[in-house]
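Comments concern the structure below.
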Amino acid sequence: MDDQRVGAIFRAVRRRRRLRQLDVAARAGVHQSAVARLEAGHLARLRVETIRGIAAALEIAVPFAPRWHGADLARLLDQDHAALVESQPNCGAPAGRSISNTRSTTSVSGVP
Numbered sequence: 019m020d021d022q023r024v025g026a027i028f029r030a031v032r033r034r035r036r037l038r039q040l041d042v043a044a045r046a047g048v049h050q051s052a053v054a055r056l057e058a059g060h061l062a063r064l065r066v067e068t069i070r071g072i073a074a075a076l077e078i079a080v081p082f083a084p085r086w087h088g089a090d091l092a093r094l095l096d097q098d099h100a101a102l103v104e105s106q107p108n109c110g111a112p113a114g115r116s117i118s119n120t121r122s123t124t125s126v127s128g129v130p
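Mapping to our numbering: the sequence shown position 52 is 70, numbers consecutive.
See below:
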């Protein structure tokens, strides 16, 4: 979603709630000009915490969802997680126990 669309959403919600920019600014603890900049789509000129504060004042959810090269990001994260798991000895074993690669020779009845 582009910055102009985000600004339009904030403006529409504010108007629907019959609030002035000054009212939203007071609730968010920011200057009215920050609300105006956000509504104008100038997100790059605002701090993330300012945007989140204004969003909270209007009860708008603003999830932070980084994207990178489509599915490559998921593969990258999985790769890093797998490397971390492999670097930890006995990862996945209950505390005080280790995982063994040997097969058990005990039968179902409990007799070897």
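Glycine included, each C-beta is placed from N, C-alpha and C at the ideal position.
C-alpha distance - serine 127 paired with aspartate 96, whole-angstrom precision: Residue numbering aside, residue 127 sits at position 109 when the sequence shown is read from its first letter. Residue numbering aside, residue 96 sits at position 78 when the sequence shown is read from its first letter. Because serine 127 sits at a pLDDT of 48, beneath the cut-off of 50, its placement in the model cannot be relied upon, and the point is left open.
Residue range of the alpha helix (DSSP H) that includes phenylalanine 28: Counted from its first residue, the sequence shown places residue 28 at position 10. From DSSP, the alpha helix (DSSP H) with phenylalanine 28 extends over 21 to 34.
Alpha helix (DSSP H) runs contained entirely in the stretch 43 to 99, provided each spans 4 or more residues: 50 to 57 and 66 to 76
Residue environment, arginine 32, which counts as buried when at least 16 other CB atoms sit within 10 Å: Here residue 32 refers to the residue found at position 14 of the sequence shown. Buried: at least 16 other Cβ atoms inside 10 Å.
Proximity of glutamine 22 and glycine 59 at Cβ, strictly below 7 Å: Position 4 of the sequence shown, counting from 1, holds the residue named residue 22. Position 41 of the sequence shown, counting from 1, holds the residue named residue 59. Cβ distance < 7 Å, so glutamine 22 and glycine 59 count as in contact.
Where aspartate 41 falls: helix, strand or coil (DSSP): In the sequence shown, residue 41 corresponds to position 23, counting from 1. Helix.
Contact set for serine 125: own chain, Cβ-Cβ below 8 Å, skip 5 residues either direction: On the sequence shown, position 107 is the one that residue 125 refers to. Residue placement at serine 125 cannot be trusted, given a pLDDT of 45 that sits under 50; the coordinates are not used to answer.
Neighbourhood of histidine 49 by C-beta distance below 7 Å, restricted to the same chain and skipping five residues each side: Numbered from 1 along the sequence shown, position 31 holds the residue referred to as residue 49. Correct list, in chain order: Ala43.
Nearest to glutamine 39 (by Cα), restricted to the options Glu67, Leu76, Asp20 and Val24: In the sequence shown, counting from the first residue as 1, residue 39 sits at position 21. Ranking Glu67, Leu76, Asp20 and Val24 by Cα distance to glutamine 39 puts Leu76 first.
Given alanine 79 as reference, the closest of Ile69, Arg85 and His87 once Cα atoms are compared: Numbered from 1 along the sequence shown, position 61 holds the residue referred to as residue 79. With distances taken between Cα atoms, alanine 79 lies closest to Ile69.
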